[in-house]
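Numbers 1 to 406, taken from full-length UniProt numbering, label the letters of the sequence shown in order.
Working notes for the structure below.
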Amino acid sequence: MKNILNRRKFLQYSGIAGSAALLTGKAFAKPYRPEKEHEIGLSKWELETPSLCLDLDIMEENLKKVHINLQGTGIGVRPHTKTHKCPALAKLQMEAGAVGVCTAKLAESQVMLENGISEVLMTGVNIGKGKIRKAMQLRKAHKGFIQAVDNKQNAQDLQDAAKEAGVVADVVVDLDVIRRSGVPTGLPALELAQLVDQLPNLSFKGILAYDGGAQHIKGFQKRKERTIQTFGPVSETYAMMKKSGLNMEIFSGAGTGTYNMMDDVPGFTDVQVGSYLFMDTQYMAIGSKTNESLYDDFDPALTVLATVINTNHPNRLITDSGAKALTINKPSGQVIGETGFNYNAGSDEYGTVTFESSNKTYKTGDILEVIVPHCDPVVNLYDRIYGIRNGKVAEILPILGRGQSR
Numbered sequence: 001m002k003n004i005l006n007r008r009k010f011l012q013y014s015g016i017a018g019s020a021a022l023l024t025g026k027a028f029a030k031p032y033r034p035e036k037e038h039e040i041g042l043s044k045w046e047l048e049t050p051s052l053c054l055d056l057d058i059m060e061e062n063l064k065k066v067h068i069n070l071q072g073t074g075i076g077v078r079p080h081t082k083t084h085k086c087p088a089l090a091k092l093q094m095e096a097g098a099v100g101v102c103t104a105k106l107a108e109s110q111v112m113l114e115n116g117i118s119e120v121l122m123t124g125v126n127i128g129k130g131k132i133r134k135a136m137q138l139r140k141a142h143k144g145f146i147q148a149v150d151n152k153q154n155a156q157d158l159q160d161a162a163k164e165a166g167v168v169a170d171v172v173v174d175l176d177v178i179r180r181s182g183v184p185t186g187l188p189a190l191e192l193a194q195l196v197d198q199l200p201n202l203s204f205k206g207i208l209a210y211d212g213g214a215q216h217i218k219g220f221q222k223r224k225e226r227t228i229q230t231f232g233p234v235s236e237t238y239a240m241m242k243k244s245g246l247n248m249e250i251f252s253g254a255g256t257g258t259y260n261m262m263d264d265v266p267g268f269t270d271v272q273v274g275s276y277l278f279m280d281t282q283y284m285a286i287g288s289k290t291n292e293s294l295y296d297d298f299d300p301a302l303t304v305l306a307t308v309i310n311t312n313h314p315n316r317l318i319t320d321s322g323a324k325a326l327t328i329n330k331p332s333g334q335v336i337g338e339t340g341f342n343y344n345a346g347s348d349e350y351g352t353v354t355f356e357s358s359n360k361t362y363k364t365g366d367i368l369e370v371i372v373p374h375c376d377p378v379v380n381l382y383d384r385i386y387g388i389r390n391g392k393v394a395e396i397l398p399i400l401g402r403g404q405s406r
């Protein structure tokens, strides 16, 4: 049979042409796909479910609060975009006063840099010749791209690739805080920083130190005690580096759970908050400085709409939103308007809600609004975020970093 598709049409139909356009950074000059523009102005309750929704008013308040809460500390905000993976939201964060943004992976970095975010610090290390070469090409095109390193061989590999690309790459040294990534504090970290500083195609900019294990410790004082203990060796290492004459313009770390505990750490420059913008049930459970039972520094803005599809059993609802819509992270999602609902998203396609009592009688077709359990992986399940204002769809925000885990 005659092949009716030439190469150009094949690329168009297969979606490869669209992927290639994304890499040029020119594919998303308009807000989102034209076929979704008809949803602007709809009531959020008219959206097909599952849908990922963002209350824009609450989000904007969270955006302001982190800067207000840090006023007078001298500490800046470098939001981690692994949370939202959305350049449009990163732009809002920059406009609000962020010193730059963080990314976890090289592909995320590319999405941000090629969609208008000029200051990007990648907190993970690039391992392997292919990734490192790609990173240096990205650095060549975008002067605000900073990379992390945590071992001497990686530093040499970065040097070789930077020389090959004809660039001087900005580099920070990642310090080991929770035995996950980073070079051990003390002399090993100092020696690595000095090596980076001496390599001709690398420019040493400072250090990272992120204690992911402290972020969800329940109780403000317990989190603070852990943070002070963790940052003791980190602070000593910072002092060693500064005394040796190294450039220490960046000392970055912390997160949404510890952002307001860093002003006693000498030299600390900025916090890598991420979840503060959206919030989730994991963070809501850790307690704040003034409220041990609820973390109320920021308010939940990100929800998933789920439709009730079965009510055949008493005290039990089945929805269309399971693990593929909400993940299986704990604590479970929280149904807005109900205090005693247990939402189990353990099934791929179905959510199971159990309860002893409810504020209303639910029927098939009713829509539940669920605060997400862990915002980062939930966002990665969707192509778009519906920005809601006054109950209606005001914006459709493309999650361009979805799936960019390389």
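Yeah, the Cβ is synthetic: ideal placement off N, Cα and C, and Gly gets one too.
In terms of CA proximity to Gln147, Asn201 leads the group Val335, Asn201, Thr339, Met262. Assignment of Pro377 by DSSP, reduced to helix, strand and coil, places it in the helix class. Going by DSSP, Arg316 is part of the beta strand (DSSP E) stretching over 316–319. Straight-line spacing of the CA atoms in Leu63 and Leu89 works out to 10 Å. Per DSSP, reduced to three states, the secondary structure at Gly212 is helical. Assignment of Gly130 by DSSP, reduced to helix, strand and coil, places it in the helix class. If you draw a straight line from the Cα of Ile309 to the Cα of Val101, it is about 40 Å long. Taking the Cα positions, Leu195 is about 8 Å away from Ala155. Relative to Gly212, the option among Arg139, Asn115, His80, Gly166 whose CA is nearest is His80. Counted as a single uninterrupted DSSP element, the beta strand (DSSP E) harbouring Leu52 occupies residues 51–55.
Sequence-distant Cβ neighbours of Lys330 in its own chain, meaning closer than 7 Å and more than five residues away, are Pro373. Only residues of its own chain outside the window of five on either side were considered, and among them Arg389 have a CB closer than 7 Å to the CB of Asp57, listed in chain order. With contacts defined by Cβ atoms closer than 9 Å, Arg78 and Val271 form a contacting pair. Following the DSSP letters along the chain, one finds Ile228 inside the alpha helix (DSSP H) bounded by residues 220–243.
A distance below 6 Å between beta-carbons, with the five flanking residues on each side excluded, links Ala209 to the following residues of its chain, in chain order: Leu175, Val177, Val234, Gly253. Lys134 counts as buried, since no fewer than 16 other beta carbons sit within 10 angstroms of its beta carbon. The Cβ-Cβ distance between Asn315 and Phe355 falls below 9 Å.
DSSP places Thr185 in no alpha helix (DSSP H); its state is neither H nor E. Distances from the alpha-carbon of Lys140 to those of Gln110, Asp150, Thr123 put Gln110 closest. As DSSP reads the structure, Thr307 sits in a beta bridge with Ile367. DSSP, read as helix, strand or coil, puts Glu37 in helix.
For a cut-off of 8 Å, the C-beta gap from Gly255 to Gln215 is around 5 Å, short enough to register as a contact.
Taking the C-beta atoms as reference points, Lys218 is found no nearer than 9 Å to Gly128. Taking every protein chain shown into account, the CB of Ser275 has 16 or more other CB atoms within 10 angstroms, so this residue is buried. Between Thr227 and Phe268, the alpha-carbon positions lie close to 13 Å from each other. Straight across, the Cα-Cα distance linking Phe231 with Lys222 is about 14 Å. Note that the C-beta distance between Thr327 and Val378 is below 9 Å.
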